[in-house]
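Peer 1: Could you have a look at this structure, given as structure tokens, before my questions?
Residue numbers (our numbering), protein chains in the order written: chain B, 22 to 118; chain V, -13 to 450.
Printed below as a string of structure tokens:
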């Protein structure tokens, strides 16, 4: 869906659902997800519908992912860092998970 | 910086680092008032000047001179003595001007003698069938990743909507070597008649020549079709864009039908708002210095009403001048009269654009299975029939349908719900009102709340 104009910044290695992904410094997690071409970053709590980021400016809350163990973070507002663990969120949150 | 380094109070807190916030902070800091500017992004610039201090798109011809004008604002703010805090999410503000801010997972409550809310605008919701499918995004989203990360749409890209931002983005993508398969123009033909009385002013404004040049640049390379309806189709992701002009395959659909004030923080602090019938949105009720109905709290920039980036800077300056005058009457300040004159010149031409790009009712008030509330997946048919049942307003509707109760706090459904209720109940959006909002206006974890420093007295108050 998106490609890089040029390889700006430096390479940053992170994982998405355990799989290694190459990001660039200056990426937000959402930008990395879009370039990596993943199909969805979460599925909705109500019907389990797949979603990807919509607004990329912090108002739509469709880009919610778990980052380094903390859930429902807005991927479009979090800059990537080396070793970051990103996990897609499936359905609604369960207590104790 | 980390939250512990913040002082317990500042003279002026500016919330939002776009043109209004940057200009306001510069004026105040140079006048000798202790000023802090909070912005949730990694760098200042807001949306219009997103990435201005770090964009990898260094060929200035791509983003254009209007974008690069933001560089001066950012430099001025940096040199002014303002404490600029990036990565700072303001999650609450109360009428006593206590600002709840979160930096890198640590929260603090900061007192301010004056506050300027400069949280800007967001894109108007564009509720079409399939708008929640992966592969459907706002035009602003594509522009954001172009500016901030140098990303270009890949694959078959269609744009749909109305308004200057759509054309600007199209031009920027083309200049950067990207491709756009088609632009579906949803501007109602009838709008030209309503905009015509304002044409003279528009022709005198800088928008006119720029606008024509932009249209020519884009139309030379991209097929443009006028459409009366648009839908996104696909199984689990976008595969086709459907309109009254046919079906076309697509990997990315970029939607845009103008911008509206981002009102959540101002509403949460209790500022009075009113419906703007020309711009079809709610905006704060403000005095001539952009002071809201809450004493000591002003709203500057597009959050005060849509007028564009350059006007936002002038409004920020006026709000700051008023704030500084209240705090330090003998301070050195720019002459507000000349700022007002520049603001007036910037606002010329807006009336024409507002009427020309006014989205059609059908694109603001969907029907049937089209989702209105993306978070809670509530459809237009559900909202309309609940209004018919007797539900008079969006807050009551929350109890019926949960619409507006999801994480976006009504940012993507509020205007739609208000307009649908008004239409079904044959009344006005002003009468129907908007969601009642309370802090936190951005998510905050319990751990962050727990990290707020507490005094011995506060601790003793709840201990047995």
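No residue lacks a Cβ here, since even glycine has one placed at the ideal position from N, Cα and C.
The structure displayed is predicted, hence computed values, not measured ones.
So for residue 150 (chain V), helix, strand or coil by DSSP?
Peer 2: Looking at residue 150 (chain V) - three-state DSSP - the assignment turns out to be helix.
Peer 1: What span of residues does the alpha helix (DSSP H) with residue 310 (chain V) cover, start to end?
Peer 2: 295 to 313 is the extent of the alpha helix (DSSP H) around residue 310 (chain V).
Peer 1: Following a CB-centred definition, is residue -6 (chain V) positioned closer than 6 Å to any heavy atom of the ligand PLP?
Peer 2: What this structure holds is no ligand at all, so the ligand PLP is not there to describe.
Peer 1: Could you spell out where the beta strand (DSSP E) holding residue 112 (chain B) opens and where it closes?
Peer 2: No beta strand (DSSP E) contains residue 112 (chain B), which DSSP labels as neither H nor E.
Peer 1: Compute the distance between the beta-carbons of residue 302 (chain V) and residue 6 (chain V), then report whether it is under 7 Å.
Peer 2: It is a contact, given that the beta carbons lie within the stated cut-off.
Peer 1: For residue 467 (chain V), which residues does DSSP report across the bridge?
Peer 2: Outside the shown range of chain V, which is -13 to 450, sits residue 467 (chain V), and nothing can be said about it.
Peer 1: Would you mind sorting residue 113 (chain V) into buried or exposed? The rule is 16 or more other CB atoms within 10 Å of its CB.
Peer 2: Buried: at least 16 other Cβ atoms inside 10 Å.
Peer 1: Could you run through the segment 358 to 374 of chain V and flag, in chain order, every residue whose CB is less than 8 Å away from some CB of chain B?
Peer 2: Flagged, chain order: 360, 361, 362, 363.
Peer 1: Can you confirm whether the segment 81 to 92 of chain V touches the segment 34 to 41 of chain V when touching is taken to mean that 3 or more C-beta pairs between the two stretches lie within less than 8 Å?
Peer 2: The segment 34 to 41 of chain V vs the segment 81 to 92 of chain V: no contact.
Peer 1: Can you look up residue 444 (chain V) in the DSSP assignment and give me helix, strand or coil?
Peer 2: In the structure shown, residue 444 (chain V) sits in a helix (DSSP, three-state: H, G or I).
Peer 1: Against chain V, which members of the segment 104 to 115 of chain B pass a CB distance test of less than 7 Å?
Peer 2: Within the segment 104 to 115 of chain B, no residue qualifies.
Peer 1: Name the residue from V:146, V:200, V:158, V:197 whose alpha carbon lies nearest to the alpha carbon of residue 174 (chain V).
Peer 2: When only C-alpha atoms are compared, the closest one is V:146.
Peer 1: For the segment 153 to 214 of chain V, list the beta strand (DSSP E) runs that are entirely contained and at least 3 residues long, ordered along the chain.
Peer 2: You should have 168 to 171, 210 to 212.
Peer 1: Curious, which full-length beta strand (DSSP E) runs of at least 3 residues does the segment 49 to 80 of chain V contain?
Peer 2: The qualifying runs are 69 to 71, 74 to 79.
Peer 1: Going by Cα to Cα distance, which pick from V:223, V:229, V:228 is closest to residue 237 (chain V)?
Peer 2: Considering only alpha carbons, the answer is V:223.
Peer 1: Considering only the alpha carbon of each residue, which of V:27, V:110, V:61 lies closest to residue 134 (chain V)?
Peer 2: Ranking V:27, V:110, V:61 by Cα distance to residue 134 (chain V) puts V:27 first.
Peer 1: Less than 6 Å between C-beta atoms, sequence neighbours within five positions excluded: which residues of the same chain meet that for residue 396 (chain V)?
Peer 2: The answer, listed in chain order, is 390, 421.
Peer 1: Does the Cβ-Cβ distance between residue 353 (chain V) and residue 366 (chain V) come in under 7 Å?
Peer 2: In contact: residue 353 (chain V) and residue 366 (chain V) (Cβ atoms closer than 7 Å).
Peer 1: Tell me whether the segment 276 to 287 of chain V and the segment 306 to 315 of chain V touch, counting them as touching only if at least three CB pairs, one residue from each stretch, are closer than 8 Å.
Peer 2: A contact exists between the segment 276 to 287 of chain V and the segment 306 to 315 of chain V.
Peer 1: Kindly confirm or deny that the segment 292 to 302 of chain V and the segment 8 to 20 of chain V touch, where touching means at least three C-beta pairs closer than 8 Å.
Peer 2: Yes: the two stretches touch, three or more of their Cβ pairs being nearer than 8 Å.
Peer 1: Please decide whether residue 416 (chain V) counts as near chain B, where near means a Cβ-Cβ distance under 7 Å.
Peer 2: So no, residue 416 (chain V) is outside the interface.
Peer 1: If you follow the alpha helix (DSSP H) that residue 434 (chain V) is part of, which residue opens it and which one closes it?
Peer 2: Unbroken alpha helix (DSSP H) run through residue 434 (chain V): 432 to 436.
Peer 1: What are the residues in the segment 52 to 65 of chain B lying within 8 Å of chain V by C-beta distance?
Peer 2: Answer set for the segment 52 to 65 of chain B: 52, 55, 56, 60, 61, 65.
Peer 1: For the alpha helix (DSSP H) that residue 8 (chain V) lies in, which residues bound it at each end?
Peer 2: First-last of the alpha helix (DSSP H) with residue 8 (chain V): 5 to 16.
Peer 1: Just curious, the alpha helix (DSSP H) that residue 318 (chain V) is in, first and last residue?
Peer 2: Neither: residue 318 (chain V) is in no alpha helix (DSSP H) and is coded neither H nor E.
Peer 1: Go ahead and pull the three-state DSSP assignment for residue -3 (chain V).
Peer 2: Strand.
Peer 1: DSSP three-state call for residue 287 (chain V): helix, strand or coil?
Peer 2: Helix, per DSSP.
Peer 1: According to DSSP, is residue 423 (chain V) part of a helix, a strand, or is it coil?
Peer 2: Of the three classes helix, strand and coil, the one that applies to residue 423 (chain V) here is coil, per DSSP.
Peer 1: Take the Cβ of residue 137 (chain V) as the centre, count every other Cβ of all protein chains shown within 10 Å, and call the residue buried at 16 or more, exposed below.
Peer 2: Looking at its Cβ environment, which holds 16 or more other Cβ atoms inside 10 Å, residue 137 (chain V) is buried.
Peer 1: Can you tell me the Cα-Cα spacing of residue 346 (chain V) and residue 336 (chain V), whole angstroms?
Peer 2: One C-alpha to the other measures close to 18 Å.
Peer 1: Start and end of the alpha helix (DSSP H) containing residue 135 (chain V)?
Peer 2: Note, residue 135 (chain V): alpha helix (DSSP H), 125 to 135.
Peer 1: Do you know whose CA, among V:195, V:54, V:357, V:254, lies nearest residue 80 (chain V)'s CA?
Peer 2: Closest by alpha carbon: V:254.
Peer 1: With distances taken between CB atoms, is the gap from residue 103 (chain V) to residue 1 (chain V) smaller than 7 Å?
Peer 2: Yes, these two residues count as a Cβ contact at 7 Å.
Peer 1: Report yes or no: is there a C-beta of chain V within less than 7 Å of the C-beta of residue 80 (chain B)?
Peer 2: Taking Cβ atoms only, chain V reaches closer than 7 Å to residue 80 (chain B), which makes this a yes.
Peer 1: Taking its Cβ as the centre, do 16 or more other Cβ atoms sit within 10 Å of residue 327 (chain V), making it buried, or is it exposed?
Peer 2: Exposed, since its Cβ has fewer than 16 Cβ neighbours within 10 Å.
Peer 1: To the nearest angstrom, report how far apart residue 244 (chain V) and residue 443 (chain V) are at their CA atoms.
Peer 2: Their Cα atoms are separated by approximately 50 Å.
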